[in-house]
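4 protein chains.
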Amino acid sequence: MTRVGVNGYGTIGKRVADAVAAQPDMELVGVTKTSPDYGAEAALRRGYDLYAALDDRAAAFEDAGLGVAGTLGDLLDAVDVVVDCAPSGVGERNRPTYEAHDTPAIYQGGEDAAIADASFNARASAEIRDADSLRVVSCNTTGLSRLLAPLDEAYGVEKARVTLVRRGGDPSETDRGPINDVVPDPATVPSHHGPDVNEILPDVSVDTAALKAPVTGMHTHSVNVTLEREPTTAEVRELLRGETRLFLIPEARHRRRRDLKDYASDLGRARGDFWENCVWEESISVEGRDLYLFQNVHQEADVVPENVDAIRELTTDVSREESMARTNEALGVGLDSLLSDGGSPRDQVAADD
Amino acid sequence: MTRVGVNGYGTIGKRVADAVAAQPDMELVGVTKTSPDYGAEAALRRGYDLYAALDDRAAAFEDAGLGVAGTLGDLLDAVDVVVDCAPSGVGERNRPTYEAHDTPAIYQGGEDAAIADASFNARASAEIRDADSLRVVSCNTTGLSRLLAPLDEAYGVEKARVTLVRRGGDPSETDRGPINDVVPDPATVPSHHGPDVNEILPDVSVDTAALKAPVTGMHTHSVNVTLEREPTTAEVRELLRGETRLFLIPEARHRRRRDLKDYASDLGRARGDFWENCVWEESISVEGRDLYLFQNVHQEADVVPENVDAIRELTTDVSREESMARTNEALGVGLDSLLSDGGSPRDQVAADD
Amino acid sequence: MTRVGVNGYGTIGKRVADAVAAQPDMELVGVTKTSPDYGAEAALRRGYDLYAALDDRAAAFEDAGLGVAGTLGDLLDAVDVVVDCAPSGVGERNRPTYEAHDTPAIYQGGEDAAIADASFNARASAEIRDADSLRVVSCNTTGLSRLLAPLDEAYGVEKARVTLVRRGGDPSETDRGPINDVVPDPATVPSHHGPDVNEILPDVSVDTAALKAPVTGMHTHSVNVTLEREPTTAEVRELLRGETRLFLIPEARHRRRRDLKDYASDLGRARGDFWENCVWEESISVEGRDLYLFQNVHQEADVVPENVDAIRELTTDVSREESMARTNEALGVGLDSLLSDGGSPRDQVAADD
Amino acid sequence: MTRVGVNGYGTIGKRVADAVAAQPDMELVGVTKTSPDYGAEAALRRGYDLYAALDDRAAAFEDAGLGVAGTLGDLLDAVDVVVDCAPSGVGERNRPTYEAHDTPAIYQGGEDAAIADASFNARASAEIRDADSLRVVSCNTTGLSRLLAPLDEAYGVEKARVTLVRRGGDPSETDRGPINDVVPDPATVPSHHGPDVNEILPDVSVDTAALKAPVTGMHTHSVNVTLEREPTTAEVRELLRGETRLFLIPEARHRRRRDLKDYASDLGRARGDFWENCVWEESISVEGRDLYLFQNVHQEADVVPENVDAIRELTTDVSREESMARTNEALGVGLDSLLSDGGSPRDQVAADD
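Chains as they are written, first to last, in our numbering: chain A, 18 to 370; chain B, 18 to 370; chain C, 18 to 370; chain D, 18 to 370.
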């Protein structure tokens, strides 16, 4: 049983906390907050032990009527690994504390790659030995790694070129723009996303261009991969369908006005989270050696199963394959619609339960 | 045990189904769909019995790999009440079928008031006797009724004037606009929302003006009520705080970038649903006899507890008050944040569970 | 001939400059910019003399290839009045400079009312004597003053209650939000807009509530005015139709999907500017003593004719009525569509010119 | 002097009319509308002769107070060429009428390529002989043709891959979505835009993928071109800078929050129209043989100079080069900012006029 602490119960942290709590081989010892706000209240209502992230703020929690079990240091001393879910750049400031407590740490993709012994993606990372820290790559890099790894393994990737149309802000970030504009962000091309992918897949050549759009829900990728071989469209669809961390959105005739998060909610996922990349099945198309497709990445959620696998990577001898299977099982990752074209229903759903 | 059927497992229907299934005194016998699409698949995955809404489409379900337990007629014969959750206007077409099967029916607010024996709001409706059908009023009318009833009871309402800034489409309706525009909708004033409120509160004078905005999440109401008396701002806040179907969003210093649905999700609500009106506590303000406030209404969800209470109204002798208490208990309606100003925490949440 | 300088060639400043240049009794001596950017380039291309707003930046203009005629001080010495169009709050910092040069000044609505001898709206302000400075009220306050003045004069205003749905940012401000949200802004009610109106109409009781929406084009007002008398709807429409600074958008059957700025462009207005309030004619509705209507205010433009009239107010003996007529004539203010209901076409437009 | 008629005074038609009227070698004889609405009023206010597009509606114009000079047939008999600016697909219905009157016709890109003798782009089309009709390609295809032609001429294009992020609706189309979503449109890849480009450049291999975003102003293209040679980034920037129908947006340090249409308005362009592609100069980047860049296309305007050149192509012996020069001169096409990096100011703008 791996004992886990989450430092920073925010957008990512709260999801990682839930995911850890759902693993049979992990125990969520506690989560931290800097202030006694609604996130802190929500953590307590969920039954999580709350720790004050900053020593000098601990009293404020009590004053606000929220009980804490200790401070960050107390939490670090009680866990086998800490998952740092602080805002981008703050992980670097937290690192000395983790090291002082000798606590192995997992960082998020907003930190520089140099912060950890290795960057990590469960599907795509090569074997990692003797690491005391890992950095789970960003939502977009996670999405690209999961897609490019099987393509490179099966066909060889000569060059990947991806346009990322990113959401301007998360649903709860109501003050971020843009309004009524699609903005190159950055204006320079390529953006940093390609080099990020190379932290995971060093031999895959990737160029990325990024735009920001007035949406909040998900990032959308327009993907081109020039392959070394020429598979058929059907072959590529079959290959990707076999990936548990990719969900193929079946063709339009089975779905009308569809919101992916709405679908996820209908299937019982908390917050309508989509941990898998959502690939539009009908967009998968091979022209010569050029593969094209569209995929969506849920920026609040897709890194969550990766964090869970990173915990096992750091603290156990469980194989990558086994870890992914356990994570998928516990969270229900690996959607497969009954209505997919060409897919045989894996579980026949009857009228009665 | 009341046996319930839901005709139309859509945006409202799927939520009503879940709410009914959560009631200890109700049994969800089944739900219907017209086509074997993702909504139908989701119903089956949730363990609900699926019925074909249209007789001549039943075979299509089997062909698509989704088992049905029968047709609408079969469902009607097996229940004590049917909740019609078809698109606006379709309820009228369904009515003859319900009458032919002698099945008491509950309709939604998109139908004309004349469709049912009475319109219904749990908090605000006067006593209803001998009804065989009820019409739960629309999301906006529900929101206004819940607010105006206590105000009228406590102070008397001379005139209410409400500007409704409505969402252009639900999150899953990606083809509806507007983009980058706030549009009077309708251009004529007053809009129909006032008269709708009079179906519930016939003696309250209400004028409404409606706009449509490029948002998907919730409707926002800018409310003015000229009262017959002059309460203080604190008195009004206290009055509204006591209403279980109103949630007072505490003052800004406890909350930063906050998305109400995100908060609801954090508290464990499926789909981030908000069944309560969300009233900005700090907006509640009395100037002379004029009360002002802002409230949000979650159009996909606020009518759901009303439908549950309507079921008891139609099929049992349970008092309105008792029904609301049971519904609230089963669904967790009646949020009260630990961080509210002036509110004492009802349940002290400890650091340990 | 009044010699005018514009300090700050920005969103408002560039429009004021064009408007001044169009007046037969005014001369635009020059405009200022703080940096040699595209606004500065545009001023030069338009033929305006450019002055460096900050002395120590003058050289930067030459380096960038943009010739300047001097600094702010030089401009102040060459004009009879300066129109301060700096960002909100900066006018206060500029004031000492204007006073040091003995230059009468006009400020914008973003400055505190105390900055000037009086606040100003051409239609609604009472007579102003012996002022050396004026403050043209904000876009919203301008829009409300123009509407409430004739109503108060004709019927008496008992109480005005206005919900302002404001644009999140101007079209060129692509980094401002919100996205997908309508946000109370401020969350407290009433907002400051009512008191602003009282700087112009001290005896009119006004309560305002403000929201921010993800749009860029215009602000939308949902207006209620409780009058002291009971005019008919037709009477109110007639009264408002007679106001040159109000444009009544005729009923829907004459217009389909219509963008007001597009319409303004079609009529030859630069930038698609709407100097007039745009009142939806069909929304004008009287219920008892309650008047309701919707109006849009173009935040980039409606204060412009007010600035022109303020110049005459400060520097000449021209009567308010005469000034408004000159301003309207020179700019083409006072739209009257040929397709208005109840309006007789003022100029019969023939097939041939 | 070529006599021109515009059939359909809408979004494109009104701009084509203005552009034709500005040409010294063309005469705009008249424009048509189907109904006496605000567009019709605007045409008359601008001094254009108005014709009823449909014979049986002519009386309605007079009834509405708008004088017409005749019907479509009358206009066709009075012109040397008609520019069809009807909604997509309607041009095909109009064609027989043009042919019956023996009037050479220019169609827009929304019609099938087969409607005309040839598709047309001034910069990129090969020589066209003996045509009686032309089809000006769509806004996106126009934008792509202008960019790919010089690249193919200078370096050879091996493969172009473009992601088009299109606006959901024009500013005046307030009922079109999406809201808060970026939607593959179509979901299949490649989209039709590539084949459209091949109507102009048959030998250039182009794959396109298209998305729809909740914006109204412009389309944004994320472009990759694999070239046959390896120019430097500077060489490509220089090449593109020399194209009159491409505008290079200089680097960010000269511009802050910038709206391109706002900039166009500041430079005196009616409606803030951008006839040129807007290429982000700093996005132009060559990696090996892969060129990347972002460009915006103003969907309401970029086809306008193309229509003017198409008129000369059809009705005169003027060379393509000469026509483009005349069109550019008359409309002011070919923006070149004084603040461009590496560009020498073509016209030194002085402080005085």
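Think of the CB as a built atom: it goes at the ideal place given N, C-alpha and C, for glycine as much as any other residue.
Any chain C beta carbon closer than 8 Å to residue i
i, result
"residue 310 (chain B)", "yes"
"residue 233 (chain A)", "yes"
"residue 313 (chain A)", "no"
"residue 292 (chain B)", "no"
"residue 197 (chain D)", "yes"
Residue-level contact to chain A via CB, residue i, 8 Å cutoff
i, result
"residue 263 (chain B)", "no"
"residue 348 (chain B)", "no"
"residue 272 (chain D)", "Low confidence applies here, because residue 272 (chain D) scores a pLDDT of 48, under 50, leaving its location unreliable and the question unanswered by this model."
"residue 289 (chain B)", "yes"
"residue 178 (chain D)", "yes"
"residue 280 (chain B)", "yes"
"residue 258 (chain B)", "no"
Span of the beta strand (DSSP E), counted from its first residue to its last, around residue i
i, result
"residue 236 (chain D)", "236-244"
"residue 266 (chain A)", "263-266"
"residue 304 (chain D)", "302-304"
"residue 20 (chain B)", "19-24"
"residue 297 (chain B)", "294-297"
Residue-level contact to chain D via CB, residue i, 8 Å cutoff
i, result
"residue 229 (chain C)", "no"
"residue 352 (chain C)", "no"
"residue 55 (chain C)", "yes"
"residue 174 (chain A)", "no"
Enclosing alpha helix (DSSP H) for residue i [first to last residue]
i, result
"residue 332 (chain B)", "321-332"
"residue 250 (chain B)", "250-258"
"residue 307 (chain D)", "Premise fails: residue 307 (chain D) lies in the beta strand (DSSP E), 307-314, not in any alpha helix (DSSP H)."
"residue 28 (chain B)", "28-38"
"residue 151 (chain D)", "Per DSSP, residue 151 (chain D) belongs to no alpha helix (DSSP H); it is in the beta strand (DSSP E), 150-153."
"residue 282 (chain C)", "277-283"
"residue 215 (chain B)", "210-215"
Residue-chain proximity (residue i, chain B), Cβ-Cβ < 8 Å
i, result
"residue 31 (chain A)", "yes"
"residue 283 (chain A)", "yes"
"residue 59 (chain A)", "yes"
"residue 21 (chain A)", "no"
"residue 183 (chain A)", "no"
Beta-ladder partner(s) of residue i, from DSSP
i, result
"residue 225 (chain B)", "B:179"
"residue 348 (chain B)", "Per DSSP, none; premise fails for residue 348 (chain B)."
"residue 137 (chain D)", "D:153"
Those runs of the beta strand (DSSP E) which lie wholly inside the region 158-202 of chain A and span at least 3 residues: Taking only runs of at least 3 residues, the beta strand (DSSP E) segments lying wholly in the region 158-202 of chain A are 174-184.
With a cut-off of 8 Å, do at least 3 Cβ pairs link the region 295-312 of chain B to the region 70-88 of chain B? Not touching, per the Cβ criterion.
Output the residue ranges of the beta strand (DSSP E) runs that lie fully inside the region 41-108 of chain B and measure 3 residues or longer, sorted by chain position. Note on the region 41-108 of chain B: whole beta strand (DSSP E) runs with a minimum of 3 residues are 43-50, 67-69 and 98-101, in chain order.
Three Cβ pairs or more, each shorter than 8 Å: is that satisfied between the region 333-347 of chain A and the region 284-291 of chain A? Touching, no.
Three Cβ pairs or more, each shorter than 8 Å: is that satisfied between the region 158-167 of chain A and the region 136-145 of chain A? Judged by pairs of C-beta atoms under 8 Å, the region 158-167 of chain A touches the region 136-145 of chain A, as three or more such pairs exist.
Output, in sequence order along the chain, the residues in the region 148-162 of chain A whose CB is closer than 9 Å to any CB in chain G. You won't find chain G in this structure, because its protein chains are A, B, C and D.
Using a Cβ distance threshold of 8 Å, determine whether the region 122-131 of chain D contacts the region 143-152 of chain D, with at least three qualifying pairs required. Between the region 122-131 of chain D and the region 143-152 of chain D there are three or more inter-stretch CB-CB distances shorter than 8 Å, so the stretches are counted as touching.
Within the chosen definition, does the region 175-187 of chain C reach the region 237-256 of chain C through at least 3 CB pairs nearer than 8 Å? Enough Cβ pairs lie closer than 8 Å, so yes.
Pair every Cβ in the region 285-304 of chain A with every Cβ in the region 200-207 of chain D, then say whether three or more of these pairs are closer than 8 Å. Contact between the region 285-304 of chain A and the region 200-207 of chain D is present, with at least three C-beta pairs closer than 8 Å.
Are the region 259-266 of chain B and the region 252-267 of chain A in contact at 8 Å, needing three or more beta carbon pairs? No, they do not touch.
For the structure I just gave you, are there three or more beta carbon pairs, one from the region 20-32 of chain C and one from the region 102-111 of chain C, closer than 8 Å? Yes, the region 20-32 of chain C is in contact with the region 102-111 of chain C.
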